[in-house]
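The structure appears right after this line, and notes come after that.
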Amino acid sequence: MPPDHETGRLILHTEASIGFGGQELRIVAEARWLLDHGWDALVAAQPGSPLLDETRRVGVPAVPVRMRRALDFPALAGLRRLIADRRVALVHTHSSIDSWLGGLAGRSRRRPVVRSRHVTIAIPRRRALVYRLAHRVITSGEAAGRVVAAAGVPAARIVAIPPGIDTTRFHPGVSGAGVRRELGLNTAPVVGLVANIRGSKGHNVFLEAARGVLSAQPGARFLIVGDGIGFDDVKRRVGALGLEHAVQMTGFRRDIPEVMAALDVLVLPSIRSEAASQVIPQALAVGTPVVATTVGGSGELVRDGETGRLVPPGDAPALAAAILAALADPTRARAQARRGQALVQQRHSLDAAMARTTAVYEELLKD
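For the sequence shown, this note's numbering gives the first residue as 564, with consecutive numbering after it.
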């Protein structure tokens, strides 16, 4: 198979997940950035996965590689061939299974290996061996970095780089008027949760908080934007709580900048494992106030009372109170969002994140 690049700096991203959320979107965005800035990029993903479909949609080269388990010998052989045939310069892995396979394939071909850690779940030391395959571990924020260090990975190998936001899409000029018209929201205060629907994101806590908000502001409306394995369960919960009149579940949407701009408050009620959320800086970039929980790295962007509000995880009354405070004093809430907006523009743009990421690549490629 002939190489499809000319620079000699082809980065192979591997991802064994069949889900589609912030982690997969980050891979696509970073691969696209590389292609636009003098690098070459290739994604190896599961056949039929949403990630593979998304790479094709945005013009990122990708190949299907079935990765069933950590020691999947046909997958390992396929990745080794891919590295040799495409003259891959560096392998960047993302999830557990592909980090074993991509790490072993990269090491066996004498290529540098980078591992990303996107979550803040503790890593048992007996499971930390896979991180030793990586020459560097890029963590989605300082909180995730501390988790990796606690598993025994030397600090010199860990680089904290939160996900970068495309400020050409997320900026103060984005209008949410079209989304409000489409969804029939008109002038109602709108509170949104934008996230892959799974247990760790706290959708049930969000719904309990919605009941508390509605008792004080009956005209408030709530959006749940996203898809995932928990979609049907959350939909049933909306019905069981009698919230169908106030809660809309939109499913997956691509117009996230406009969705963020349509909200009066963006809520991220994560109850565990939130390394460095992408939706928080996205909301702040368009100027939307944020209420989040003190989980993982959310506090790295949301400074309570300064750039947003933070509440304890799983505390629906506290979440409701913070939402009501933002709705009651929108001037103050928007001022906090503007301070967060400045922070995003200075430190959390996609260009800034990729400058740090490619610096890691350059360092390893010199060795």
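Backbone N, C-alpha and C fix where the C-beta goes; we use that ideal spot for every residue, glycine too.
Small disclaimer: the values here were computed from a predicted structure and weren't measured.
Given a threshold of 16 other Cβ atoms within 10 Å of its Cβ, counted over all protein chains shown, does residue i qualify as buried or as exposed?
i: residue 911; result: buried
i: residue 574; result: buried
i: residue 701; result: buried
i: residue 841; result: buried
i: residue 745; result: exposed
i: residue 886; result: buried
i: residue 536; result: Residue 536 falls outside the range modelled here, since the chain spans only 564 to 930, and no answer is possible.
i: residue 764; result: buried
i: residue 795; result: exposed
i: residue 600; result: exposed
i: residue 636; result: exposed
i: residue 827; result: buried
i: residue 580; result: buried
i: residue 832; result: buried
i: residue 671; result: exposed
i: residue 924; result: buried
i: residue 649; result: buried
i: residue 717; result: exposed
In three-state terms, what does DSSP make of residue i?
i: residue 886; result: helix
i: residue 780; result: coil
i: residue 811; result: strand
i: residue 785; result: strand
i: residue 840; result: coil
i: residue 575; result: strand
i: residue 637; result: helix
i: residue 851; result: coil
i: residue 829; result: strand
i: residue 599; result: helix
i: residue 912; result: strand
i: residue 819; result: helix
i: residue 728; result: strand
Out of curiosity, what's the CA-to-CA distance linking residue i and residue j?
i: residue 640; j: residue 824; result: 47 angstroms
i: residue 686; j: residue 727; result: 25 angstroms
i: residue 812; j: residue 788; result: 6 angstroms
i: residue 693; j: residue 707; result: 16 angstroms
i: residue 566; j: residue 761; result: Residue placement at residue 566 is flagged as unreliable, the pLDDT there being 41, under the threshold of 50; a coordinate-derived value is accordingly withheld.
i: residue 757; j: residue 719; result: 35 angstroms
i: residue 621; j: residue 595; result: 8 angstroms
i: residue 662; j: residue 577; result: 8 angstroms
i: residue 918; j: residue 629; result: 31 angstroms
i: residue 688; j: residue 658; result: 17 angstroms
i: residue 859; j: residue 809; result: 30 angstroms
i: residue 875; j: residue 907; result: 23 angstroms
i: residue 691; j: residue 709; result: 14 angstroms
i: residue 814; j: residue 835; result: 22 angstroms
i: residue 799; j: residue 881; result: 24 angstroms
i: residue 627; j: residue 879; result: 42 angstroms
i: residue 830; j: residue 647; result: 46 angstroms
i: residue 721; j: residue 712; result: 8 angstroms
i: residue 905; j: residue 704; result: 18 angstroms
i: residue 681; j: residue 731; result: 24 angstroms
i: residue 664; j: residue 778; result: 52 angstroms
i: residue 868; j: residue 928; result: 43 angstroms
i: residue 872; j: residue 883; result: 11 angstroms
i: residue 611; j: residue 654; result: 22 angstroms
i: residue 605; j: residue 920; result: 16 angstroms
i: residue 623; j: residue 766; result: 32 angstroms
i: residue 849; j: residue 734; result: 5 angstroms
Say the cut is 6 angstroms; is the CB of residue i nearer than that to a heavy atom of the ligand PLP?
i: residue 854; result: Absent from the structure shown: the ligand PLP. Ligands present: none.
DSSP puts residue i in a beta bridge; with which residues?
i: residue 871; result: 867
i: residue 680; result: 702
i: residue 627; result: 608
i: residue 693; result: Per DSSP, none; premise fails for residue 693.
i: residue 723; result: 702
i: residue 654; result: 575, 676
i: residue 856; result: 874
i: residue 591; result: Partner(s): none; residue 591 has no beta bridge.
i: residue 755; result: 786, 829
At least three beta-carbon pairs within less than 8 angstroms, the region 816–823 to the region 840–848: In short, these stretches touch, since the Cβ pair count reaches three.
Tell me whether the region 847–865 and the region 896–913 touch, counting them as touching only if at least three CB pairs, one residue from each stretch, are closer than 8 angstroms. Flag = yes, the region 847–865 and the region 896–913 touch.
Pair every Cβ in the region 745–755 with every Cβ in the region 784–796, then say whether three or more of these pairs are closer than 8 angstroms. Under the three-pair Cβ rule at 8 angstroms, the region 745–755 counts as touching the region 784–796.
Is it a yes or a no for the region 616–632 touching the region 671–690, going by three-plus beta-carbon pairs under 8 angstroms? As far as the Cβ criterion goes, the region 616–632 does not touch the region 671–690, which means the pair count is below three.
Determine, using beta-carbon pairs with one atom in the region 737–744 and one in the region 769–783, whether at least three such pairs fall under 8 angstroms. Taking 8 angstroms as the limit for Cβ pairs, the verdict is that the region 769–783 does not touch the region 737–744.
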